[in-house]
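These notes are about the structure you will find just below.
In this note's numbering, the protein residues as written are 9 to 72.
Right, here's the structure in full:
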């Protein structure tokens with residue numbers, strides 16, 4: 009089973025948002041990530057991303 013987290017990454021560092029909550033569903037993590045990013049100022053470079061909890065990487069879409 010995969011587990012997801014919403015975090016801001018900068019260089020080698022990862023900063024979890026939303027109290028570091030883990031999500032069992034990628035769609036739930038994406039929903040929270042979108043809500044979080046909409047609250048940020050437009051010029052902000054630090055956008056949150058959904059990461060997979062095995063080694064904190066972004067999951068690539070299959071077939072793209």
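Backbone N, C-alpha and C fix where the C-beta goes; we use that ideal spot for every residue, glycine too.
Pair within 7 Å by beta-carbon distance, residue 25 and residue 14:
In contact: residue 25 and residue 14 (Cβ atoms closer than 7 Å).
From which residue to which residue does the alpha helix (DSSP H) around residue 35 run?
34-47
Within this structure, are the beta carbons of residue 41 and residue 61 separated by less than 7 Å?
no
So what does residue 9 bridge to, in DSSP terms?
DSSP output for residue 9 lists no bridge partner at all.
Does the distance from the CB of residue 37 to the CB of residue 31 come in under 7 Å?
Yes, Cβ-Cβ distance for residue 37 and residue 31 is below 7 Å.
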